[in-house]
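Student: Below is the structure I would like to discuss, written out as structure tokens.
Protein chains: 2
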Amino acid sequence: MGRTISRWASYPEGVAELKKSHAPRPQQGFAVFFTGLSGSGKSSLAKMLLAKLLERGDRTITLLDGDIVRKHLSSELGFSREHREINIQRVGFVASEIVKHGGIAICALIAPYESARKKVREMVSSHGGFVEVYVSTSLEVCESRDSKGLYAKARAGIVKEFTGISSPYEIPENPEVVIDTKNCTPQQAIQIIVDRLTAESFLAQQ
Amino acid sequence: MGRTISRWASYPEGVAELKKSHAPRPQQGFAVFFTGLSGSGKSSLAKMLLAKLLERGDRTITLLDGDIVRKHLSSELGFSREHREINIQRVGFVASEIVKHGGIAICALIAPYESARKKVREMVSSHGGFVEVYVSTSLEVCESRDSKGLYAKARAGIVKEFTGISSPYEIPENPEVVIDTKNCTPQQAIQIIVDRLTAESFLAQQ
């Protein structure tokens with residue numbers, strides 16, 4: 510948007526080199542990182558976003574949700590603070606690799622600790638975009654849904670270290686997007702995210 | 510190389526669609542997977558290949574060697590058969606993601622089990638190319654080098670389950686490339702691999 514720099518200051522060869530190392534934003538990789546309580550709707554939103562972005566047809570996209578991650582990266586890890594941190598950092602490593610190679614990573618994890626989320630942001634940001642989406646559905650709403658019956662088990666003490674009940678959830682300090690599923694439809698939520706990605710030029714205008 | 514198919518059988522729109530899902534080989538992702546004994550030279554060759562491919566300047570490349578993998582993906586895993594299999598499959602998962610997004614993954618791991626290597630090959634091949642490089646340096650040569658002092662420790666029983674001494678190494682059945690570091694310089698070895706990648710059209714002629 511700025512003025513054109515005169516040739517002595519920006520040789521075309523130099524500009525061409527710069528373009529190689531820093532692709533235009535719509536061609537850069539980026540990660541969308543959903544965080545929120547169990548039952549907040551983050552996995553469903555992540556899958557809808559995946560479908561929405563696949564429809565555009567011009568990018569490779571990988572979904573890294575809790576189930577995929579525990580299967581492929583963290584089969585032996587539990588839910589202690591230490592293991593949760595290791596788990597999130599592995600996701601961060603894979604997401605940053607995807608972004609480095611120009612792809613889109615959609616992550617959906619409880620990721621309850623701000624420090625761990627910050628580390629993922631750092632890892633990914635060195636290669637491309639990072640958009641944190643806090644799915645802020647309240648504990649009361651999540652617990653009343655309890656689609657997997659996990660809250661009941663957590664209240665009964667059968668499931669230990671359950672985020673929101675017996676393990677903390679630290680609210681994100683500076684998420685790029687906040688979605689309260691009580692106030693909007695899933696379709697509206699996806700549109701908010703796509704609008705943000707477009708505003709940041711990670712997606713081209715359509 | 511085949512004859513041109515007449516228009517009724519291949520609409521340009523269809524061809525354009527196919528090109529999207531199957532990029533021309535020189536733009537496809539691929540993995541080069543080095544396997545061999547400890548001290549065989551696979552990590553050194555992997556690093557040289559990384560440098561050689563980075564020089565070309567047109568691709569993103571990730572090196573996944575034993576140290577990087579144990580740090581980012583498998584900090585808690587040991588060297589039992591079960592843990593080695595899990596470790597290799599994690600590398601396979603990350604490599605296949607890199608390849609899916611059009612990147613180049615260079616892996617260097619002992620990877621002693623044929624079954625595990627086959628699984629990695631399957632995971633990666635569904636997204637792009639897979640070139641297995643067996644670094645066939647003999648146990649005697651590896652042990653005589655013993656740059657990390659590990660063979661001495663393995664012989665003394667201090668290091669357990671050490672491949673080649675107290676744990677098996679299954680020779681690859683159908684590797685794309687075999688490198689015996691006794692018969693060629695590292696530079697020659699890299700050229701053999703680059704030639705193979707070029708012959709398979711994963712790298713463009715230069």
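Sequence order for the protein chains is A and B.
The opening position of the first sequence corresponds to residue 510 in our numbering, with each subsequent residue numbered one higher.
The opening position of the second sequence corresponds to residue 510 in our numbering, with each subsequent residue numbered one higher.
Built from N, CA and C at the ideal position, the CB exists for glycine as well.
As the structure is a computational prediction, the values presented were derived from the model and not from experiment.
Excluding sequence positions up to five away, which residues of its chain have a Cβ less than 7 Å from the Cβ of glutamate 682 of chain B?
Tutor: Glu623
Student: Would you decide whether glycine 511 of chain A is buried or exposed? Buried here means 16 or more other CB atoms lie within 10 Å of its CB.
Tutor: Residue confidence is low: glycine 511 of chain A scores 48 on pLDDT, short of 50, so the model does not pin down where it sits. Its coordinate-derived value is still stated next. By the neighbour-count rule (16 or more Cβ atoms within 10 Å), glycine 511 of chain A is not buried but exposed.
Student: Please list the residues of the stretch 601-622 of chain B that have a C-beta atom closer than 7 Å to any C-beta atom in chain A, keeping them in chain order.
Tutor: Flagged, chain order: Phe602, Val603, Glu606, Ile607, Lys609, His610, Gly611, Gly612.
Student: As a quick exercise: from B:Pro695, B:Ser647, B:Glu679, B:Ala708, pick the residue whose alpha carbon is nearest that of arginine 590 of chain B.
Tutor: Comparing Cα-Cα distances from arginine 590 of chain B to each of B:Pro695, B:Ser647, B:Glu679, B:Ala708, the minimum goes to B:Glu679.
Student: Tell me which residues share the same chain as arginine 579 of chain A and place their Cβ nearer than 8 Å to its Cβ, disregarding the 5 neighbours each side in the sequence.
Tutor: Leu586, Asn596
Student: If you draw a straight line from the alpha carbon of glycine 638 of chain A to that of glycine 538 of chain A, how long is it in whole angstroms?
Tutor: Those two C-alpha atoms are separated by around 6 Å.
Student: For arginine 654 of chain B, I'd like the list of residues in its chain whose CB is within less than 8 Å of its CB, leaving aside the five on either flank, ordered along the chain.
Tutor: Gly548
Student: Mind checking the stretch 580-600 of chain A against chain B and listing, in chain order, the residues whose C-beta falls within less than 7 Å of any C-beta there?
Tutor: His581, Leu582, Ser584, Glu585, Ile595, Arg599
Student: When you compare each of A:Lys627, A:Met632, A:Gly545 to valine 784 of chain A by their alpha carbons, which one comes out closest?
Tutor: Residue 784 of chain A cannot be examined here, being either before or after the span of chain A that is shown, 510 to 715.
Student: Name the chain A residues whose beta carbon is nearer than 8 Å to that of threonine 571 of chain B?
Tutor: Per Cβ cutoff of 8 Å: Glu606, Lys609, His610.
Student: Assign alanine 532 of chain B to buried or exposed, taking buried as 16 or more other Cβ atoms, counted over all protein chains shown, within 10 Å of its Cβ.
Tutor: Counting the other Cβ atoms within 10 Å of the Cβ of alanine 532 of chain B gives fewer than 16, which makes it exposed.
Student: Alpha carbon to alpha carbon, how far is serine 645 of chain B from histidine 636 of chain A?
Tutor: Whole-angstrom Cα-Cα distance: 36 Å.
Student: Reducing DSSP to helix, strand and coil, say where cysteine 651 of chain B ends up.
Tutor: Judged by DSSP in its simplified three-state form, cysteine 651 of chain B adopts helix.
Student: Shortest alpha-carbon distance to alanine 708 of chain A belongs to which of A:Val640, A:Gly612, A:Thr694, A:Glu652?
Tutor: A:Val640
Student: So, are the CB atoms of phenylalanine 588 of chain A and glutamate 670 of chain A less than 8 Å apart?
Tutor: yes
Student: From this set, A:Gly601, A:Glu631, A:Lys628, A:Gly658, which residue's C-alpha is nearest alanine 617 of chain A's C-alpha?
Tutor: The option with the nearest alpha carbon to alanine 617 of chain A is A:Gly601.
Student: Whose CA, out of B:Ile613, B:Lys609, B:Pro621, B:Ile674, lies closest to the CA of glutamate 594 of chain B?
Tutor: B:Pro621
Student: Under the rule that 16 or more other beta-carbon atoms within 10 Å means buried, what is serine 656 of chain B, buried or exposed?
Tutor: With fewer than 16 neighbouring CB atoms inside 10 Å of its own CB, serine 656 of chain B falls in the exposed class.
Student: For leucine 559 of chain B versus isoleucine 615 of chain B, is the C-beta distance shorter than 8 Å?
Tutor: Closer than 8 Å, so yes.
Student: According to DSSP, simplified to helix, strand and coil, what is glutamate 641 of chain A?
Tutor: Note: glutamate 641 of chain A maps to strand in three-state DSSP.
Student: Where does the unbroken alpha helix (DSSP H) through valine 629 of chain A begin, and where does it stop?
Tutor: 623-634
Student: Using only the alpha-carbon positions, how far apart do proline 684 of chain B and phenylalanine 543 of chain B sit?
Tutor: 10 Å
Student: Does the Cβ-Cβ distance between isoleucine 570 of chain A and leucine 562 of chain A come in under 8 Å?
Tutor: yes
Student: Taking the C-alpha atoms as reference points, what is the distance between glycine 692 of chain B and threonine 672 of chain B?
Tutor: The question names glycine, but residue 692 of chain B in the sequence shown is asparagine. Going by the C-alpha atoms only, they are around 23 Å apart.
Student: Which same chain residues end up closer than 8 Å to proline 535 of chain A when comparing Cβ atoms and leaving out the 5 residues on each side of it in sequence?
Tutor: Ser710, Phe711, Leu712, Ala713
Student: With DSSP as the reference, identify every bridge partner of alanine 540 of chain A, one or two as the case may be.
Tutor: A:Ala614, A:Phe639
Student: Three-state secondary structure (DSSP) at aspartate 689 of chain B?
Tutor: In this structure, aspartate 689 of chain B counts as coil in the three-state DSSP scheme.
Student: If I'm right that isoleucine 702 of chain A touches valine 686 of chain A with Cβ under 8 Å, what's the distance once you round it to whole angstroms?
Tutor: 6 Å
Student: Once DSSP output is grouped into helix, strand and coil, what is the label at isoleucine 702 of chain B?
Tutor: helix
Student: Can you find a CB in chain B that lies within less than 8 Å of the CB of methionine 510 of chain A?
Tutor: With a pLDDT of only 43 at methionine 510 of chain A, under the threshold of 50, the placement of this residue in the model should not be trusted; the figure read from the coordinates follows. For methionine 510 of chain A, the answer is no, since every Cβ of chain B falls outside 8 Å of its Cβ.
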